[in-house]
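Its first residue numbered 1, the sequence shown is counted upward by one per residue in UniProt numbering.
We treat Cβ as the ideally placed atom computed from N, Cα and C, and that holds for glycine.
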Amino acid sequence: MNNMDENTLNQSDNKGGGMAEKPKKSFSPNNNPFRQLYVGESVGPEDFVRLFSPILVKYSLALFQSGNLVIKGFTGAGKSMLLNLLEPTIRIAYNRLNVPFPIPQEFSKFIGAGINLQTSGVGRFGNRPIDMDYATAPFYFGDYLNFYVVADILLNLQDILKCSEVSSQIGIQATQEQLDKFAVELSKDDCWFGGISEVTNFQSLCKALQQRIVIYKTYLNFNLDEIPAKVKSTKTIIGEPISITANLLKKVRIVNNDVQFFIKIDQFEELAWLGAKNGLGSKYQEMIHTLLGSRNSSVSYRIGTRRFAWLEEKTMFGTTAPLEKKRNYLEFHLDNEMRRKENSRSWIFPDLAEDIFRRRLFCNGFQIPTNTKSLLKRVLGPNTNPKDAAAGYFPNQNRKRAVEVEEWWPKKWKDFLFQLAENDPLSARFGEAWARQKGKEVVMNNIPDSPPYPWDKIYWKKERVEQALMQLASRSNQQLNWCGRDDVLALSGGNILTYLSIFQHIWDVWLRDSRHLERKSNKVPVFDGIVQSVGIIEASTDWYHELAIDERGGKNRKKLISHLGVQFFKTLIEDKPMSNPGHNGFSIDLEQIENNPKLASFLRECVDYGDLYDGPHTSKLKDKRKRWKYYLNPVLSPYFKIPYSHTKEPIYVTITRLVEWFEEANVFLGSNSVRPDNQIKRRRSRNTDQDNSNLLFNF
């Protein structure tokens, strides 16, 4: 088998970007290339170039065009990786490694700068109040952000000027005299309120900005008794120094007029955590809203946030005016781009997953074969044929257990099913279900002589194959098997972190399984189905156990998810006719949800944290009312032993039934159950179809 040479690697990604010519690490046979899951903020620029997949860039071009943008996504969706493309150090690394910069040329004339709210020390604003008057605290936060971002702009400007190729591509040129003149003029601007008036040149400007940042960090870390009086009297207005800096750089012709300034504010959710401590987090969020609401065309802001932190109702600081989507900013839902669409040909995640996989292995010293169209399929194989999977659940057992017959069924029909099960347990299970469905009982007295059988209708089988395999695994007291490229991609749910976590566990299982073997070859291994299945189940179990860790309301969400998972499993297992193979999710009338704000908010939190996936549901009911459907995060399917595929109709529930699920799960919202006892004297039957939402509580 031939291996990729240097030229092949540089051309390996026909969607743009390519790979660096040499792997960073030498090969280590006992190393798990997926041991490190997060790489967005933890790797250097050159490693970033080697690991970052440019495939998503062409679907994210809004990030590199003017205007404010909020990039929303779950943990591990790839927000920080995308935002890092704005960093000059990353762009310079592409140039140094002779790898094409993945952003199209027409969108590449920009200077990026900003702040990561997690790594920049903003969290310390929740540890110590700067002023006993909490009303002034947001102004100090805004001042800190101004100084931090302007300092970053100037630092990045210096980095760009050191690389002539990149500076000419962007449109930046400067002599030391120009920089010094710019520094003095900037320091005299009224936006600083005299706070940096002592500046005499570019170097002293950078020093003055850093000194203010250090003062804040020193105080917030309890190494300073009081904020200096000069800082208190020269607090800047959030955003003003940033826009004035950008404008002045163009005015003095250091930066060309057509160059964009992109200011990223990443890890916005950190401010939500601050809110849990002293309530100031929401005020700090309002300060960021003010940045977006200023509608200043000098700079464009890029907010990276997890979904739960970007609330529906957003006000700007010091006013009741709302921040308006489309008018003040646009949203880019990274999760939506990665999710599978009804038309699978438009699903971009498989290509992205393939490229990420190749890059991880290449960077860890593995030889990447050139004659393999899909390395994932080579390593994982295709999904197991359903017929073979069913037979695998009964390797050394009496396969009659594959079917469950009723005592009153005709003997010939029972014998037919038992005999069929010996050769094809899956077909026998389909035959059993067919006979149990209304109107199809006649098959028991008109037994087919040979295939194709009545239950071999393509769509009838396709819709029920996952439920059938689930029931067969249960009847044989076996775990559901999970393996193959399609299973791994589907269980990842379009999330990069989930995908990497699954591979981390699979690789760990393989290392344990082959520990007695001498591993010296750097050829890419092939994982058998058992290794994959064990690894996937371990990944799913870990994901479930981490649901409640360090997340607000996580314990309640975990209780609901656990109850739903058990409910779905029980419903699918007990459905012997397999009339409802889609009952691994539920659908509810949208108006009923909207009329119950607390319950709606809780479900929305489950979605925002990635515990549930949701979407509009086209109702099959005659009333054609708008409905909304919910499913568990696919990665939880192995833990609950339920299918991840969404076929046929989900469970149609009323608000009454949904509330019962909450109660059964012991989920409390606030101080009361979702249904106070004094408002409902007795529960309705679980099987009722009557809508009792008018009896429910007021939240």
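Check	Outcome
Between the C-alpha atoms of L248 and A183, what's the straight-line distance to the nearest angstrom?	10 Å
Less than 8 Å between the C-beta atoms of N495 and M338, yes or no?	yes
Give me, in chain order, the residues of the same chain whose beta-carbon lies closer than 7 Å to that of S673; leave out the 5 immediate sequence neighbours on both sides.	Unreliable placement is indicated for S673, whose pLDDT of 48 sits below 50; no coordinate value is reported for it.
Quick one: grab the DSSP three-state call for Y544.	helix
Starting from the Cα of L86, find the closest Cα among I160, Q118 and D131 and give me that residue.	I160
Within its chain, find whatever has a CB closer than 6 Å to the CB of Y499; leave out the 5 residues flanking it on each side and keep chain order.	A353 and S492
Quick check: the stretch 205-223 against the stretch 146-159, are there 3 or more CB pairs under 8 Å?	yes
What residue range does the alpha helix (DSSP H) around H617 cover?	Unbroken run through H617 is the beta strand (DSSP E), L612 to H617; no alpha helix (DSSP H).
Enumerate in chain order the residues of its own chain whose CB-to-CB distance from K250 is below 6 Å, with the five nearest sequence positions on each side excluded.	N257
Leaving out five residues on either side along the sequence, give the residues of the same chain with a beta carbon under 8 Å from the beta carbon of K217.	G121 and R124
Evaluate F101 with the Cβ neighbour count: other Cβ atoms within 10 Å of its Cβ, from every protein chain shown; 16 or more gives buried, anything less gives exposed.	buried
According to DSSP, simplified to helix, strand and coil, what is G585?	strand
Taking the C-alpha atoms as reference points, what is the distance between S197 and T245?	15 Å
Going by DSSP, what residues sit across from K72 in a beta bridge?	T305 and H333
Consult DSSP for D266 and reduce its assignment to one of helix, strand or coil.	strand
Specify the secondary structure class of P45 as computed by DSSP and reduced to three states.	helix
Enumerate in chain order the residues of its own chain whose CB-to-CB distance from I646 is below 7 Å, with the five nearest sequence positions on each side excluded.	First, the amino acid is wrong: residue 646 is His here, not Ile. Excluding residues within five positions, the ones whose Cβ falls inside 7 Å are G582, G585 and Y631.
Of the choices K162, R302 and L37, whose alpha-carbon is the least far from that of G114?	R302
To the nearest angstrom, report how far apart L69 and R327 are at their CA atoms.	11 Å
By how many angstroms is the C-alpha of G304 removed from the C-alpha of T315?	18 Å
Could you check what DSSP says for W347 in three-state terms: helix, strand or coil?	coil
Given E466, which residues of its chain have a CB within under 6 Å of its CB, disregarding the five upstream and five downstream residues?	P643 and S645
Please report the residue range of the beta strand (DSSP E) in which F110 lies.	F110 to N116
Please name the residue, chosen from I172, F527 and G431, that lies closest to L417 on a Cα-to-Cα basis.	G431
Apply the 10 Å Cβ neighbour rule to K620 and answer buried if 16 or more other Cβ atoms are within range, or exposed otherwise.	exposed
Out of curiosity, what's the CA-to-CA distance linking G529 and T290?	53 Å
Quick one, are the C-beta atoms of K235 and D152 less than 8 Å apart?	no
Roughly how many angstroms lie between the CA atoms of I242 and R464, to the nearest whole one?	59 Å
Got a sec, what are the start and stop residues for the alpha helix (DSSP H) I170 sits in?	S164 to I170
Taking buried to mean at least 16 other C-beta atoms within 10 Å of its own C-beta, is Y613 buried or exposed?	buried
DSSP three-state label for G78, please.	coil
Do L489 and F357 have their CB atoms nearer than 8 Å?	no
How is the alpha helix (DSSP H) around R627 delimited, first residue to last?	Here R627 belongs to no alpha helix (DSSP H); instead the beta strand (DSSP E) covers R627 to L632.
In angstroms, rounded to a whole number, what distance separates the CA positions of S601 and W192?	42 Å
For F268, tell me which candidate among K79, I368 and N296 has the shortest Cα-Cα distance.	K79
On the premise that L82 lies in contact with L63, defined as a C-beta separation below 8 Å, what is that separation, rounded to the nearest angstrom?	6 Å
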